[in-house]
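Peer 1: Chains A and B, in that order, are what the protein sequence lines are. Note that this note's numbering has the first sequence beginning at 5, numbered continuously upward. Note that this note's numbering has the second sequence beginning at 51, numbered continuously upward.
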Amino acid sequence: MQKRKDFIWKMGGQQGEGIESCGEIMATILAKEGYSLYSQRLFASRIKGGHTTFALRIALEPIMTVGEKIDFLVALDQETVDKHGEEVREGGFIICDSEVNPDFSKFDGAPITCLALPITETAMKQGSLLMRNIVALGMSVALLGFDKTPFRTAIAAKFAKKSQDIVDKNLNAFEDGHALVLASKGDVEIETLPVPQPKDQMFLLGNEALALGAIAAGSRFMASYPITPASEVMEYMIKKMDKIGATVVQTEDEIAACMTAMGGVYAGVRGFTCTSGPGLSLMAESLSMASMAELPMVVIDVQRSGPSTGMATKVETSDLNAACHNAHGDYANIVISPTSIEECFYELQKAFNLAEQYQCPVIFMPDLQQGLNKQSVPSFDLNRVPINRGKLMKEEDLPELERPHYFKRFELVEDGISPRTIPGMKNGLFLSTGLEHNEEGKPAEAPSMHVSQTDKRLRKLETVADNYEPFLNNAKHDECDVLVIGIASSRGAIEEAVAELEAEGHKVNHLQLRLIKPFPTKQLLPFYQNAKKVVICEQNATAQLADMFRINMPEKRKIHSCLKYDGNPFTASYVKKAIKEVL
Amino acid sequence: MTTANDYRNDIRPNWCPGCGHYGVQAAIADAVAALDISPENLAVISGIGCSSRIGGYFYTYGAHTTHGRALPYAQGVKLANQDLNVVCAGGDGDAFAIGMGHTIHAFKRNVNITYIVMDNHVYGLTKGQTSPRSDIGFVTKTSPHGSFESPLPICETAIASGATFVAQSYMVNRAELVELIKQGMQHEGFSFINVFSPCVTYNKRNSYDWFKEHLTSLSTVEGYDPTNRVQALQTLGAHEGLVTGLIYRDDTKPSFEKAMAAVNGGPHPRALVHDVVKPNADVFADLCKEFK
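(1) Taking the DSSP output, what are the residues bridged to Met15 (chain A)?
(2) Taking Cβ-Cβ distances shorter than 7 Å, what residues in chain A pair up with Ile104 (chain B)?
(3) Excluding the 5 residues preceding and the 5 following Arg136 (chain A) in the sequence, name in chain order all residues of the same chain whose CB lies nearer than 7 Å to its CB.
(4) So which residues of chain B does Asn477 (chain A) contact, with C-beta pairs closer than 8 Å?
(5) Is there a Cβ of chain A sitting closer than 8 Å to that of Ala145 (chain B), yes or no?
(6) For the 8 Å Cβ check, are there 3 or more pairs between the region 177-191 of chain A and the region 218-230 of chain A?
(7) Starting from the Cα of Ala448 (chain A), find the closest Cα among B:Met150, B:Thr53, B:Asn64 and B:Arg58 and give me that residue.
(8) Within this structure, are the beta carbons of Leu515 (chain A) and Ala545 (chain A) separated by less than 8 Å?
(9) Classify Glu94 (chain A) as helix, strand or coil using the three-state DSSP reduction.
(10) With DSSP as the reference, label Val372 (chain A) as helix, strand or coil.
(11) Taking only the alpha-carbon atoms, compute the straight-line gap between Thr277 (chain B) and Arg45 (chain A) and give it to the nearest angstrom.
(12) If you count every other CB in all the chains shown that lies within 10 Å of the CB of Met310 (chain B), and 16 or more means buried, which is it?
(13) Secondary structure at Ile186 (chain B), three-state DSSP: helix, strand or coil?
(14) To which residues of the same chain is Lys607 (chain A) closer than 7 Å at the C-beta, ignoring the five residues directly before and after it?
(15) Taking Cβ-Cβ distances below 7 Å as the criterion, which residues of the region 278-296 of chain A are in contact with chain B?
(16) How far does the alpha helix (DSSP H) with Gln527 (chain A) in it reach, from first residue to last?
(17) Just verifying my parser: in three-state terms, what is the DSSP assignment at Arg320 (chain B)?
(18) Would you mind listing the alpha helix (DSSP H) stretches within the region 150-227 of chain A that are 4+ residues and don't spill past its ends, in chain order?
(19) Please list, in chain order, the residues of the region 251-275 of chain A that have any C-beta partner in chain B closer than 9 Å.
(20) Using a 10 Å radius around the Cβ and a threshold of 16 neighbouring Cβ atoms, would you call Thr270 (chain B) buried or exposed?
(21) Any chance the region 151-171 of chain B sits against the region 208-219 of chain B, with 3 or more Cβ pairs inside 8 Å?
(22) Kindly indicate if chain A contains any beta-carbon less than 8 Å away from that of Ala177 (chain B).
(23) So what does DSSP say about Ala576 (chain A), is it helix, strand or coil?
(24) Looking at the structure shown, is Leu405 (chain A) part of a helix, part of a strand, or coil, going by DSSP?
(25) Give the secondary structure of Arg393 (chain A) by DSSP, where H, G and I count as helix, E and B as strand, and everything else as coil.
(26) Using a Cβ-Cβ cutoff of less than 7 Å, which residues in the same chain neighbour Gly112 (chain B) once the five nearest sequence positions on both sides are dropped?
(27) Please classify Ile498 (chain A): is it buried, with 16 or more other beta-carbons within 10 angstroms of its beta-carbon, or exposed?
(28) Would a C-beta distance cut-off of 8 Å place Leu299 (chain A) and Val269 (chain A) closer than the cut-off?
(29) Find the nearest neighbour of Val137 (chain B) within the set B:His171, B:Gly149, B:Leu121 and B:Gln281, judged by alpha-carbon distance.
(30) Since I believe Lys378 (chain A) is in contact with Leu209 (chain A) (beta carbons under 8 Å), could you give me their beta-carbon distance rounded to a whole number of angstroms?
(31) Could one say the Cβ of Gly126 (chain B) lies closer than 8 Å to chain A's Cβ atoms, at least one of them?
(32) List the residues of chain B whose Cβ lies closer than 7 Å to the Cβ of Met206 (chain A), in chain order.
(33) Looking at the strands, I want to know which residues DSSP matches up with Pro194 (chain B).
(34) Kindly indicate which three-state DSSP category Thr214 (chain B) falls into: helix, strand or coil?
(35) I need the boundaries of the alpha helix (DSSP H) containing Thr32 (chain A), first residue and last residue.
(36) Near Gly149 (chain B), what residues of its chain come up, given a Cβ to Cβ distance below 6 Å and the 5 sequence neighbours on each side ignored?
In structure tokens, the structure reads:
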């Protein structure tokens, strides 16, 4: 029997057929067993119905992409066979429900095994169409050569609340599916994965990691407006409201979401909102005020394809310019993008810290691929990122204040970051306004004051890149043939492509950028200078990230762009091809 | 004991001599002093417009925010720290034009804050344009042939939208206005007080004399019962909205905070602000366990 490093499993059909839950059961068990997992759900932007697939990559080493070639495709309809059959690798399997009389003629002579098996019929034998996914699960476990025991235990646990009868029927459905595959595969050899060491892992969405990150950062205040692909963050916060004592408001629109959270921030909590591109556009004016009033506001933008409504269920990283520049005036803010689902948890906590340390809005921007897909990650460490509230004053330390003087909330200090008070503090009274103001917050239009306060707001940000790891450093070489720079979810595809190129003898350095604004010019420079070529990978058509390099790097040089804007995530082969073209 | 004087700062309002807003400012100071609220425990939140400059005219925590968005901000302040007394104030353009989406939702949401609108039926800061409250036929720079849109019946809208405290006053009637603000601030839920506050510069039509002539005090309406929703709407209809006094109140509906506390195990107001801390380790472990 052959041993492999990973398996890629995919199931497809119509939305609402339990496809995702089949994959979820499998993933939950395998995560416990210690496998590294990455799942990808592709679905149409429809309310109900429409073609959907759930793919799961099961590996021994940590992975961050769903891979490219499928080992096993389980199809509940012909559409899945037609659309995804060609993704099946040599020696792979397609199993389709015999109910739909599948047409496999396309694969005549192809080195894959096509089986029409009675998925629906087997489920109906146990009394319900609902059990199709359990039949499919049994089939998949047989194909993948996993031990049945933990799956049987999980099925029993999942239906234990219903009745023993239901448990038994589901177990029968599972066993029947399993047996059907073994009986019909003929003499095709089944490959297996080695059994890994058990690991303490979690399997979750990036959006769930974001919510946990906010909670770990001490935030229990959220105002938000539903939007794909970000709603799960608010839904999770509301679901756990009683457990964590949070206040979560679903507001009337994104402007209200941003302003309500900002009101909370002004009052002293770690308020935040979560949205996607269209919502970020609506928040622009509010964020301009947050910059002027120096409010530590955190906005999460789970990026989707644009412009406008674009493709709401497809990935893109085309909000970079908007996040940096959508607010009017000389706008001071920080923009951060996490490089993984794990970083949705840890880096978001740092984003909350940076907001308070630098007293400005922070836009935290994962992409849809991270937000809506589940991955196995090492269990989260609650205490890795300590809370840092910057120059927030303690009430007891405030000097006596005498009317009509206010606390100098906008004091012109050297580093630009003034001490901060919040309402309720006895000697902390100040005025907050979107008007230009003096040190106490009183409206002030003197030319010198506007210059001083503008400089102060901009000066604050000069040290951000020194106090925050501005990129993930995957650079192994002092001098390299090519430096590849990516952002957000492109990391997985880039890492796989780089590993292959390195194996082929090329010297490839890789940086995955986290800090987009203020741009970490100083930190990037040595890597930039020691590379023969530079390739920047990003999911947009206008090369927004590459332009930031052109503007911010002192050295003018040729930048090659690897762009993708078809709505689908980067793959290793796509990135590799682009890099090879410049090598 | 707090006095109105404790709320004085040294900023001179940018309002014209004779502007009604001076009276509203004085009434707010009188009301918060009468309720003995100390300056550090009050937050006055405003939007943009002549009247919205009021956020900076008290010696307290004042926040002068963006046009039409003061209400969401004020609700955020209150929900983050329920110990604060939150007054939101602004003009009829801010409240009923650019901010109307938020105003309606504030009526229905019922967060425990007080919203005072200085209603002069005209845009002043931008020097004289028609407002959502302008009378039909009102001539301004943007309605040179007379405004032909219906003036928004705001008190009816408030009641219809679920507001639990709806009052209207005229800034000249200082004692009544102070009393209404006090009652509003003591009301457990959202209190809305629309105050006629004449603009002497850009609205020569709805002048001091005009309001004096056209307003009817609800105290003169026989058998008026502010808890009777139907009567409130009928009375407003009969007087084209030009009444003063407490129009409607509903003390049976819980505030947003109370309703939320019932589902989130609250109230945690103070803790939210002063306890930005890591969650309890066991609670966090439980949350993580669901993904294992």
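Backbone N, C-alpha and C fix where the C-beta goes; we use that ideal spot for every residue, glycine too.
Peer 2: Taking the geometry as given:
(1) For Met15 (chain A), which the question treats as bridged, DSSP gives the partners A:Phe58 and A:Val78.
(2) Correct list: empty, because the minimum Cβ distance to chain A is about 12 Å.
(3) Glu21, Gly22, Leu80, Ile123, Thr124 and Ala127, listed in sequence order.
(4) Against Asn477 (chain A), chain B offers no close residue; the least beta-carbon distance is about 28 Å (beta-carbon pairs closer than 8 Å).
(5) The C-beta of Ala145 (chain B) comes no closer than 8 Å to any C-beta of chain A.
(6) Contact check between the region 177-191 of chain A and the region 218-230 of chain A: fewer than three CB pairs, one atom from each, fall below 8 Å, which does not count as touching.
(7) Selected option, being the one with the closest Cα: B:Asn64.
(8) Contact: no.
(9) Glu94 (chain A): strand per DSSP, three-state reduction.
(10) This sequence places Leu at residue 372 (chain A); Val is not what is there. Helix at Leu372 (chain A).
(11) Cα to Cα, Thr277 (chain B) sits roughly 54 Å from Arg45 (chain A).
(12) The residue is buried, with at least 16 neighbouring Cβ atoms inside 10 Å.
(13) Here Ile186 (chain B) sits in coil by DSSP.
(14) Any answer about residue 607 (chain A) is impossible in this case: the structure gives chain A only from 5 up to 587.
(15) Taking 7 Å as the Cβ-Cβ cut-off against chain B, the residues of the region 278-296 of chain A that qualify are Glu289, Ser290 and Met293.
(16) Annotation for Gln527 (chain A): the continuous alpha helix (DSSP H) segment containing it runs Thr525 to Gln533.
(17) Reliability fails at Arg320 (chain B), whose pLDDT of 46 lies under 50, so the model's placement of it is uncertain and the value that follows must be treated cautiously. The answer is helix: DSSP assigns Arg320 (chain B) an H, G or I state.
(18) Qualifying alpha helix (DSSP H) stretches, in chain order: 153-163, 168-188 and 210-220.
(19) When CB distances to chain B are screened at a threshold of 9 Å, the residues of the region 251-275 of chain A falling below it are Thr251, Val252, Val253, Thr255, Glu256, Asp257, Ile259, Ala260, Ala261, Cys262, Met263, Thr264, Ala265, Met266, Gly267, Gly268, Val269, Tyr270, Ala271, Gly272, Val273, Arg274 and Gly275, in chain order.
(20) Exposed is the call here.
(21) Yes, the region 151-171 of chain B is in contact with the region 208-219 of chain B.
(22) With the sequence shown as reference, residue 177 (chain B) is identified as Lys, and Ala is not the correct amino acid for it. Cβ-Cβ to chain A under 8 Å: no for Lys177 (chain B).
(23) Ala576 (chain A) falls in the helix class under three-state DSSP.
(24) Correct three-state label for Leu405 (chain A): coil.
(25) If DSSP states are grouped into helix, strand and coil, Arg393 (chain A) belongs with coil.
(26) Closer than 7 Å at Cβ, skipping near neighbours: Val94, Gly105 and Gly106.
(27) In this structure Ile498 (chain A) is buried. Its beta-carbon is surrounded by 16 or more other beta-carbon atoms within 10 angstroms.
(28) Result yes, Cβ atoms of Leu299 (chain A) and Val269 (chain A) sit closer than 8 Å.
(29) Ranking B:His171, B:Gly149, B:Leu121 and B:Gln281 by CA distance to the CA of Val137 (chain B) puts B:Leu121 first.
(30) About 5 Å separates the two Cβ atoms, so the contact holds.
(31) At a cut-off of 8 Å, the C-beta of Gly126 (chain B) has a neighbouring C-beta in chain A.
(32) Taking a Cβ-Cβ threshold of 7 Å, the residues of chain B close to Met206 (chain A) are Cys338, Phe341 and Lys342, in chain order.
(33) For Pro194 (chain B), DSSP assigns no beta-bridge partner whatsoever.
(34) For Thr214 (chain B), the three-state secondary structure derived from DSSP is coil.
(35) Element bounds for Thr32 (chain A): Ile23 to Glu37.
(36) Hits under 6 Å: Gly118.
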